[in-house]
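Here the structure is laid out as C-alpha cells; the discussion comes afterwards.
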C-alpha cells in the first residue's frame, strides 16, 4: 500500500471539522443534519482506516462503520420526520426560532 | 515521493481526497441548501471511493446504497418539502462564524499536530486482503467472539422503532387536524 | 412487633384508606376516626410507659427494637421512647387530632390535603420514636417536604414565596444537621448510628468543637433560633390553619427535642464550649421575638413572633444544663405546642369568617363570637403565663432552673429573658383588646357565626390539656424528671 | 386531715367551684339563679371565715402566749414526697394553707367585703348583659385573693398574685364594648405585670440565696436565713436588698405606689362594686400584705429597704391626697384616696420595728388595712349607689342628693368621718396608731402624714358636699331615688362595721411577733390629728357646702398647681410617652423593621443572589444545540491537549 495512513486521517479530520463548523454555524436544521452526516462519515473513515492499517486481520472497524451507517440511516429518518413535522406546525425549520418546546 | 513513482492508487486517492475536502467545505458553506446536498453527495461518493481503495467493497456498497440511495434522497426530498428552490440561507453571524472557524481550524491543526508527533504502531505497507461476504455474514449472525449478532439485532430493533416513530410523528398532526 | 410501630403504621394505613376513597365526607370521617385512634394509642403508650416504670423497669428507653436497615453504615430503624418522647408523642397526637377537626372545612383537593397531612404526621411521629440518628434525620425530612406542598397549595397570601422560603431555610438547617450527624457518626468511631450507644462512646472534644454548633444550629433553625427564624412568620402566615397548628405545635418542637436529644446529650463538652454564644442568641430570640410581636398587625405574624419568643425559651432553657431548666424546656415545648395550636386554630376560625387577619379591621368580636373569644382569652392567658394554665409552670421551671445556675452571666441573662413575660402580656392583651373587645368595627361582622362544632372539639380539647398541665404539673414534671437524668448526668461540673 | 384545714380548703374551693359553675354553665342560667349561687356561696365562705377566725384566735392559734402560724395540709405526713411542682431538691412549690393572725384577718376582710359586694351587685348589675359572667369573675377573684392570703410560700403567693391580676383585668374590662374600659384593663394588667416581673425576679434572687420559698423559713427570726444570710452582693448592693426591693416592686404595683400607681384611677372604669372589692379593699392591699408577711425579712436583713418603703409611701400618700383634692370624677377621688390610704399602711410598716411595742407600726398597718377595707368599700358602694341613681361619675352632675338618697347620705357621711379620723369611727383608731408609730420613728414622715390626714378630711368632705349638698342639678324626668334593699343593706352593714371595728383589740391579736402588747391612746398625738381632721372638714364646709366662688378663685390663684394636680402631675403622659414613643416607636417598630428588612432581607438576599447567579448560569444552558456542540468540541480539544501535554 503506497498511501500513508496519515493522509487518510488528514482527509477525515478536515471532513470532521468541516462538519463541526457546519453544525455550529448552520441555522437550517436540514443543513445541520447534513453536517452531522459529514461528521459521521469522517468517523467512519477513521474506523476503516485504523482497521486496515493497525489490525488488518480483524473486522471490528468495518463492522462499527456498518452499524454507524445503520444508525445514521435511522437517525436521519427520524430527524427528517421531526423536521417535517415541525415545519408543518410552525412553518419554519430554523433551529434558533424553535423555542417553544424549551422549558 | 517523486513523480515517477506515483501509482494509480495514489492518483485516485488524491482525486478522492480533493473531492472530499472541497465537497465537505462547500457543504457547510454553501448558502443554497440544495447545492449543499449535492456537495454532500460528492463527499459521500468519494468516501465510498476511499472504502474501495481500502478494499472494503461491501462497505462501499453499503455506503452508496444507504447513504446516497437512502439518506441523501431523503434529505433532498425534505429540502424540497421545506424550502423554496433557490432560497438562500442566512449568513451566520460574524462572531459565531469566526469563533467556530477558530475552533474548527484549531481542532484540525491540533489533530494534525498529534498525527505528526504521535507514534502509531502501524505498518505503512499493508496487504489489502479482500474480506469475503461469507465472513461478513458469519460475523454478523454469530454469537462467538468478534461476532455481532447482538448489535445487529439492536440495530434491527432500532430501525423498527424508527419506522414506527416516523409513522407516528408523520401522522400525529393529521389526526388532530381531522 | 413493637407497639411503637403503630404510630407510623396507623397514618400509613390511613393514607392507604384515604387514597382509595373519593367522597370528601367519608375522607373527613376516616380522618377523624384515625386521628382519634392515634390519640388513644398515644395515651395507651403513656399509660403503658408509666406502668412499666412503676414496675421498676429502669432502662433508659423502653419499647426498644432494632431493625438493621443498611448494615454497612450501621443504619438501623431503632425505636425506643423515654418520658420526653412519650410526652412529645402525646402532644403530636393531640395536635394531629385537633388539626384533623380544624381541617374539616377544607373542600378543595381535600384528599390530597389529608394525604400530605398524614405524611407530615408520619414524619413527626417517626422522629419522636426513633433513637437512630439517621432514621431521625430521615423522618425529619419526611416531615419537612409535605410542608412545602401544604403551604404552597392550600395556603393563603404569598404562599409560594413562603412555602419556598420555609422549605429552603429548613432544608438549609437540615444540611447542617446531616453534616453534624455524619460528624458524630464518624468521630464516634463509625460503629453505630444509635443514639444510646453513641452516648456511651466518647466523641473527641475536637470533633465536638465543630459538630456541636452545626448540629445545634441545624435543629435550631427549626426551633426558630435567632437569626434563622424568619421562615416562621411568613410560613405560618401563609400556611392553612391545621398546618400552622401542626407546624408550630409539633414540628418546631422537633428542633428543641433534637437539640436536647442529639446536640446536648451526645456532645456535652461541645455544648459547654458554646454556651455563651448560644445563650446570647436564644436570649435575643426570646426578647426580640416578643418585641417584634408588638409591632405586628397581622394575627398570624403576631403569633409567629410569639412562637419565636417561646421557642427561643426552649433552647435557652436547654442550654442551662440542669434538670429544672430542662424540665421547663420540655414543659414549654408541650405548653407552647398546645397553646400555639389553639391560637392558630382560633385565628383560622376568625380568618375563615372575617377574611382578614389585620387586627385593625376587627373589633368587638367578643359579642359576635363569644366562644371563640373565651378560647382566645384562655390562649392569651396561657401564653402570658397565667398560673393554672400550662405556660406558667413551664416558664417558672425555666426561670427558676436557669437562675439556679451558679454563673452570674447566666443569671443575668435569665433576668433579661424574664422580661419577656411583660412584653408577652403587652402584645397578647393588645390583640385581645383590639379584636375581641371594643366596638364592632365592621358591620358585616355582625352576621358572622360562632365556632362550628368541629372547631369547638378542637379548641376544647386543647384547652383541656393546657389546663390539665397547668393544674397538675407534677404529673408531667415527674415523667420528665425521670428521663432527664441521663442527659443531665453528662454535666457533672454543675451542682445539681 | 385536720378540720381547720378542711374548712380553709372549703373557703377556697367554694369560690373556685362557683367560678367554674358560673363560667361554664352560666349562659344557661337565669340572672337570678346566677346571683343567688354566687351570693350563697360567698355567704358560706364568710361564715367559714368567721369560724376560722374565731377558732384561730380563741382556740388553736395561740401557743405559748404567742400566735403561731398554723401550716398545712400539704405536704402532709401521709405523702411527704408529693409536691405540686418540684423545681430542685430544695425548691419545691407546694400549695398549702397558712393560718396566722394576718391571713385570718384577711380572710375575714375579703369574705366580708366580697359578700357585701355580691349582695350589692345583685342590685347594681341588675339586668346587665353578662351578669353571670360578672359573678363568675367575682368568684374567681375571691378565690384568688383568698388563695393569696393563705399562701404558705412566696411562689404560691405569686401564683395567686397573678390570678388576682387576671381577675382584676377581666373585671375592669367587664364592659368590654367600652374602649376606655378595655384600655384601662389592659393598662392595669400590664402595669401590674411589669411590677410582677420585679416580684418574680425578687423571688428568684431570694430563693437562690436562701434555697427556699417557704415563708416559715424566710421569716423565722431564729432560722438560718435571718441569722446567717449570704453576704453576696450585686453591683455593690447586697443581694437581699435587691431581692426585697424587687419583691416590694411587685407589691408597689398591686398597691399602686408611686410611680406604678397609674393604673388604679383608670381601673375605675370597671363596675363600681368591683372597684369596691378589688381596688379599694382587697387586691390593692396585697402589697401591704406582702411586706407584712415578709416583715421579719425586711426588718432584719434589709432595714434600708424598709425605710425606703416608708419614704416612698409617704410621698405617695401626699401626692395622692393632693391629686384627690382636685379630681371631679367621684370614683377617681376615691381611687386616689385609696392610694393615699394604702400608702399610709405602708408608711406604718416602714416605720415599724419588730416585737412588742416596737411593732406598733406593724399592728397599726394591719389595723388600718382592716378598718380601711370596710369604710373604703362602703364609700365605693355609696358612690355606686349614687352613680346608679344619676348615671354619671362626674361631680358636677350631682348635688343636693341627700334629699333623694337618705340612707346613702348617712352611710357616706359616716364613712367620710371614719376616713377623716374622727372618733369614734374606726378610722380614727387605726390612723392614730400609724401617726404614733411614725412619730416615734421619723418626724419628717410624721408631719407629712399629719398633713395628709388633714388633706384627707378636706377632699373627702369636698366630695361629700359636692354629692349630697350644693345646688340641685337638673335630673330630668327620672329623679334620683334611694337604692333598692339589696344595695342599701350592704351599706348599712358596712356602716355598722365602720362604727365598731375601731374598738377591736388589735394589739392583742395581730402584732409583729404574735405576742400581745399594751397599748394606750397617745392623746398628745391623737388630739392634734383630730384637730387637723376637723380643720379639713371645716375648710371643706366653708368652700363647698353652699355654692360660692371661693373654690374657683382659689384654683385660679394656683392655676399651674391646680392644673398639674388635676392632670395627676402628668404621670400618665410620661408613661404614654415612654410606652408609645420610646418603647413602641423606638424599640418595637425598629425591631420589626429590622427583622423584616435586615434579618429577613439577608435571607432573601441569599435567595436573590443564588437566583441571580442561576439565571446567569442558565444562559449557558440556552438549549441551543449548536452552542453546546461548540463548547463541547472546544472542551474536548482543551482536555485532550491538556492530557497530551501533561499526562502522555
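Residue numbers (our numbering), protein chains in the order written: chain A, 144 to 246; chain B, 58 to 235; chain C, 278 to 773; chain D, 1146 to 1793. Glycine residues also receive a C-beta, built at the ideal position from the N, C-alpha and C atoms.
Within 10 Å of its beta-carbon, does residue i have 16 or more other beta-carbons around it, so buried, or fewer, so exposed?
{"i": "residue 1541 of chain D", "result": "exposed"}
{"i": "residue 299 of chain C", "result": "exposed"}
{"i": "residue 75 of chain B", "result": "exposed"}
{"i": "residue 608 of chain C", "result": "buried"}
{"i": "residue 1784 of chain D", "result": "exposed"}
{"i": "residue 1290 of chain D", "result": "buried"}
{"i": "residue 374 of chain C", "result": "buried"}
{"i": "residue 639 of chain C", "result": "buried"}
{"i": "residue 1546 of chain D", "result": "buried"}
{"i": "residue 772 of chain C", "result": "Bear in mind that a pLDDT of 47 at residue 772 of chain C, under 50, signals an unreliable position, so the model cannot answer this."}
With DSSP as the reference, label residue i as helix, strand or coil.
{"i": "residue 1172 of chain D", "result": "helix"}
{"i": "residue 772 of chain C", "result": "Note that residue 772 of chain C has pLDDT 47, beneath the 50 cutoff, so the model's placement of it is unreliable and the number below is only indicative. Of the three classes helix, strand and coil, the one that applies to residue 772 of chain C here is coil, per DSSP."}
{"i": "residue 1217 of chain D", "result": "strand"}
{"i": "residue 1591 of chain D", "result": "helix"}
{"i": "residue 355 of chain C", "result": "coil"}
{"i": "residue 1242 of chain D", "result": "strand"}
{"i": "residue 732 of chain C", "result": "helix"}
{"i": "residue 407 of chain C", "result": "strand"}
{"i": "residue 1712 of chain D", "result": "coil"}
{"i": "residue 1774 of chain D", "result": "helix"}
{"i": "residue 233 of chain B", "result": "Low local confidence applies: a pLDDT of 48 at residue 233 of chain B is under 50, so the model's placement there is unreliable, and no value is given."}
{"i": "residue 469 of chain C", "result": "coil"}
Can you tell me the Cα-Cα spacing of residue i and residue j, whole angstroms?
{"i": "residue 1801 of chain D", "j": "residue 1491 of chain D", "result": "This structure cannot settle anything about residue 1801 of chain D, because the visible part of chain D is limited to 1146 through 1793."}
{"i": "residue 1482 of chain D", "j": "residue 1511 of chain D", "result": "18 Å"}
{"i": "residue 208 of chain B", "j": "residue 214 of chain A", "result": "11 Å"}
{"i": "residue 1594 of chain D", "j": "residue 751 of chain C", "result": "48 Å"}
{"i": "residue 176 of chain B", "j": "residue 165 of chain B", "result": "18 Å"}
{"i": "residue 1436 of chain D", "j": "residue 1609 of chain D", "result": "33 Å"}
{"i": "residue 1663 of chain D", "j": "residue 1500 of chain D", "result": "12 Å"}
{"i": "residue 1386 of chain D", "j": "residue 1447 of chain D", "result": "6 Å"}
{"i": "residue 424 of chain C", "j": "residue 123 of chain B", "result": "58 Å"}
{"i": "residue 1369 of chain D", "j": "residue 1244 of chain D", "result": "22 Å"}
{"i": "residue 204 of chain B", "j": "residue 131 of chain B", "result": "31 Å"}
{"i": "residue 1261 of chain D", "j": "residue 1658 of chain D", "result": "32 Å"}
{"i": "residue 716 of chain C", "j": "residue 647 of chain C", "result": "14 Å"}
{"i": "residue 706 of chain C", "j": "residue 1727 of chain D", "result": "19 Å"}
{"i": "residue 1441 of chain D", "j": "residue 1694 of chain D", "result": "52 Å"}
{"i": "residue 493 of chain C", "j": "residue 501 of chain C", "result": "12 Å"}
Beta-carbon of residue i versus every beta-carbon of chain F: anything under 7 Å?
{"i": "residue 190 of chain A", "result": "As a matter of chain content, chain F is missing from the structure shown, whose protein chains are A, B, C and D."}
Report task. Please list the segments of the alpha helix (DSSP H) lying wholly inside the segment 623-697 of chain C, counting only runs of 4 or more residues, in order along the chain. Result -> 642-645, 647-660, 667-680 and 685-695
Requested in this report: Name, going along the chain, the residues of the segment 482-506 of chain C whose beta-carbon falls closer than 7 Å to a beta-carbon of chain D.
Outcome: If the cut-off is 7 Å between Cβ atoms, the segment 482-506 of chain C has 504 near chain D.
Requested in this report: Please name the residues in the segment 667-695 of chain C whose beta-carbon is closer than 7 Å to at least one beta-carbon of chain D, in chain order.
Outcome: 670, 674, 676, 677, 678, 680, 681, 692 and 695
Query raised in the report: Which runs of the alpha helix (DSSP H) spanning at least 4 residues fall entirely within the segment 538-586 of chain C, listed in chain order?
Result: Annotation: the segment 538-586 of chain C contains the following complete segments of the alpha helix (DSSP H) (minimum length 4 residues), in chain order: 545-572.
Requested in this report: Give, in chain order, every unbroken run of the alpha helix (DSSP H) that is at least 4 residues long and sits entirely within the segment 1382-1433 of chain D.
Outcome: Inside the segment 1382-1433 of chain D, DSSP marks whole alpha helix (DSSP H) runs of 4 or more residues at positions 1384-1399, 1408-1411 and 1417-1421, from first to last along the chain.
Requested in this report: Only counting runs of 3 or more residues, tell me where the beta strand (DSSP E) segments fall wholly within the segment 113-168 of chain B, in order along the chain.
Outcome: For the beta strand (DSSP E) assignment, the segment 113-168 of chain B encloses no uninterrupted run of at least 3 residues.
**Report entry** Ranges of the beta strand (DSSP E) found wholly within the segment 1429-1483 of chain D, counting only runs of at least 3
**Finding:** none
Report task. Taking only runs that begin and end inside the segment 1317-1341 of chain D, name each unbroken beta strand (DSSP E) of 3 or more residues, in chain order. Result -> none
Query raised in the report: Taking only runs of the alpha helix (DSSP H) that begin and end inside the segment 59-114 of chain B, which ones reach a length of at least 4 residues, in chain order?
Result: Runs of the alpha helix (DSSP H) inside the segment 59-114 of chain B: 65-86 and 90-110.
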